[in-house]
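Accompanying notes for the structure given below.
2 protein chains.
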Amino acid sequence: MTTDGRLARMLHVLVHMGLLGGRETSERIALMLNTNPVVVRRTLGVLREHGIVESEGGRGGGWKLTRSLDQVTVLDVQRALTKGPALTAPVSRDHPTCPVERASNSVLEKAHAAAEAHLIAKYAVTTLAQIAKDAKHKASGTTQ
Amino acid sequence: MTTDGRLARMLHVLVHMGLLGGRETSERIALMLNTNPVVVRRTLGVLREHGIVESEGGRGGGWKLTRSLDQVTVLDVQRALTKGPALTAPVSRDHPTCPVERASNSVLEKAHAAAEAHLIAKYAVTTLAQIAKDAKHKASGTTQ
DNA sequence: GATAGCGTAACTATAATTGTTGCGGAAAGG
DNA sequence: CCTTTCCGCAACAATTATAGTTACGCTATC
Numbered sequence: 001m002t003t004d005g006r007l008a009r010m011l012h013v014l015v016h017m018g019l020l021g022g023r024e025t026s027e028r029i030a031l032m033l034n035t036n037p038v039v040v041r042r043t044l045g046v047l048r049e050h051g052i053v054e055s056e057g058g059r060g061g062g063w064k065l066t067r068s069l070d071q072v073t074v075l076d077v078q079r080a081l082t083k084g085p086a087l088t089a090p091v092s093r094d095h096p097t098c099p100v101e102r103a104s105n106s107v108l109e110k111a112h113a114a115a116e117a118h119l120i121a122k123y124a125v126t127t128l129a130q131i132a133k134d135a136k137h138k139a140s141g142t143t144q
Numbered sequence: 145m146t147t148d149g150r151l152a153r154m155l156h157v158l159v160h161m162g163l164l165g166g167r168e169t170s171e172r173i174a175l176m177l178n179t180n181p182v183v184v185r186r187t188l189g190v191l192r193e194h195g196i197v198e199s200e201g202g203r204g205g206g207w208k209l210t211r212s213l214d215q216v217t218v219l220d221v222q223r224a225l226t227k228g229p230a231l232t233a234p235v236s237r238d239h240p241t242c243p244v245e246r247a248s249n250s251v252l253e254k255a256h257a258a259a260e261a262h263l264i265a266k267y268a269v270t271t272l273a274q275i276a277k278d279a280k281h282k283a284s285g286t287t288q
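In order, the protein sequences belong to chains Y and L. Under the numbering used here, the residue at position 80 of the first sequence is numbered 80, and the numbers go up by one with no gaps. Add 144 to the 1-based position in the second sequence for the numbering used here, that's all there is to it.
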């Protein structure tokens, strides 16, 4: 399975955008993410649908945060990118009527639901501003 | 991404094996999992390496649990199937030296580590015997 | 030695993100 | 208006992990 790196990438780039303040083009953002502009538009497009960023076309256009860094949580971004739970229990559906399969799935689902609650709670209290602060704290030279 | 259904499948089939008591062939197990014998051998082979099941070739051969259901936890099975953490934070590696990327990754890693601890704790205290009990409780007719 | 098992290799299928190219449209600026 | 600089989007290849399939060899029993 390929790990879904969109959340990490979006956090990364949103913090940069917030710190830079202005409007950024897909191309500049693509450089930050070491990828190409289309991928950026695709993913930022999802965040736009959730009101986290806004885009403008034409000359001087680009992407911008709609709120300040301290008003966007990791949870906001996660919710935008993923419909459904942040953690999905890997259940089986080989014999949906089999009580043993159902009991196994149920155990996994409950365990994952509990774990997800903790994950979500942590996401909910972490703002992009805090990430920015951590970054400044760590930093001592290289930026970008 | 295809969800990794091996843990759920193995729990399912191990409970069946425990309840049936005897040796089961890959083919019979494959029927339980609605798949084919090779997939079964492949995955049960991993569990064998961890001492959870044993296999015998030749006529009358097949697979059997090495311990009783109450002496195998979900964690045992999970650990056998997955090396490394049960929950991996989806980090990005676009600019490994960028403090912002590092800070974003760090937030995700810590949150996932905490969630994983809860997940593992739950896995550790859940035995296959409990799943079997749940299954009997739910059941009221259909088996398998 | 025929049969019923597992063991394994070598493919193909599947599914999701990611990467890439190409083209159309919109906004600014001369 | 017409060029430039953007985004929007469609279409397709690349990647990666599990899952499925076929085929063949080995072993133990009858």
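The beta-carbon is built from N, C-alpha and C at its ideal position, and this holds for glycine as well.
Looking at residue i: is its Cβ nearer than 8 angstroms to the Cβ of residue j?
| i | j | result |
| --- | --- | --- |
| Val77 (chain Y) | Leu47 (chain Y) | yes |
| Leu175 (chain L) | Ser104 (chain Y) | no |
| Ala8 (chain Y) | Ile52 (chain Y) | no |
| Glu252 (chain L) | Pro234 (chain L) | First, the amino acid is wrong: residue 252 (chain L) is Leu here, not Glu. Contact: yes. |
| Gly62 (chain Y) | Thr25 (chain Y) | yes |
| Gly5 (chain Y) | Ser236 (chain L) | yes |
| Leu33 (chain Y) | Asp278 (chain L) | no |
| Glu260 (chain L) | Pro229 (chain L) | yes |
| His137 (chain Y) | Val244 (chain L) | no |
| Ala258 (chain L) | Lys122 (chain Y) | yes |
| Glu171 (chain L) | Pro181 (chain L) | yes |
| Ala124 (chain Y) | Leu75 (chain Y) | yes |
Identify the continuous beta strand (DSSP E) that holds residue i and give its terminal residues.
| i | result |
| --- | --- |
| Gly189 (chain L) | Taken as a continuous stretch (DSSP letters only), Gly189 (chain L) belongs to no beta strand (DSSP E), being part of the alpha helix (DSSP H) at Pro181 to Glu193. |
| Leu65 (chain Y) | Gly62 to Leu65 |
Under 7 angstroms between beta-carbons, which chain Y residues line up against residue i? List them in chain order, please.
| i | result |
| --- | --- |
| Pro234 (chain L) | Thr3, Asp4, Gly5, Leu7 and Ala8 |
| Glu245 (chain L) | His12 |
| Ala283 (chain L) | Pro99 |
| Lys266 (chain L) | Ala111 and Ala114 |
Where DSSP assigns a beta bridge to residue i, which residues make up the other side?
| i | result |
| --- | --- |
| Thr25 (chain Y) | Paired residue(s): none; Thr25 (chain Y) is not in a bridge. |
| Ser55 (chain Y) | Y:Trp63 |
Can you pull the chain Y residues whose beta carbon is under 9 angstroms from the beta carbon of residue i, in chain order?
| i | result |
| --- | --- |
| Lys227 (chain L) | Those do not exist, as Lys227 (chain L) stays about 14 angstroms from chain Y at its closest Cβ, beyond 9 angstroms. |
Name the chain L residues that come within less than 7 angstroms of residue i, Cβ to Cβ?
| i | result |
| --- | --- |
| Ala129 (chain Y) | Those within 7 angstroms of Ala129 (chain Y) in chain L number zero; the least Cβ separation is about 11 angstroms. |
| Leu33 (chain Y) | Asp238 |
| Val74 (chain Y) | Val251 |
What span of residues does the alpha helix (DSSP H) with residue i cover, start to end?
| i | result |
| --- | --- |
| Ser104 (chain Y) | Pro99 to Ala124 |
| Val74 (chain Y) | Val74 to Leu81 |
| Val235 (chain L) | Segment: none, Val235 (chain L) is in no alpha helix (DSSP H) and carries neither H nor E. |
| Gln215 (chain L) | Careful: Gln215 (chain L) lies outside any alpha helix (DSSP H) and carries neither H nor E. |
| Leu19 (chain Y) | Arg6 to Leu20 |
| Ala135 (chain Y) | Leu128 to Lys138 |
How would you list, in chain order, the residues of chain L whose beta-carbon sits under 8 angstroms from the beta-carbon of residue i?
| i | result |
| --- | --- |
| Ser106 (chain Y) | Asp278 |
| Thr43 (chain Y) | Those do not exist, as Thr43 (chain Y) stays about 12 angstroms from chain L at its closest Cβ, beyond 8 angstroms. |
Residues of chain Y with CB closer than 8 angstroms to the CB of residue i, please, in chain order.
| i | result |
| --- | --- |
| Asn180 (chain L) | The premise fails here: Asn180 (chain L) is roughly 12 angstroms from chain Y at the closest Cβ pair, so nothing lies under 8 angstroms. |
| Leu263 (chain L) | Ala111, His112, Ala114 and Ala115 |
| Val159 (chain L) | Val100, Ala103 and Ser104 |
| Thr270 (chain L) | Val107 and Ala111 |
If the cut is a Cβ gap below 9 angstroms, which residues of chain L does residue i touch?
| i | result |
| --- | --- |
| Leu20 (chain Y) | Within chain L, no residue comes near Leu20 (chain Y); the closest Cβ sits about 11 angstroms away, beyond 9 angstroms. |
Spell out a yes or no on whether the stretch 124-132 of chain Y and the stretch 70-90 of chain Y are touching, meaning 3 or more CB-CB pairs, one atom from each, closer than 8 angstroms.
yes
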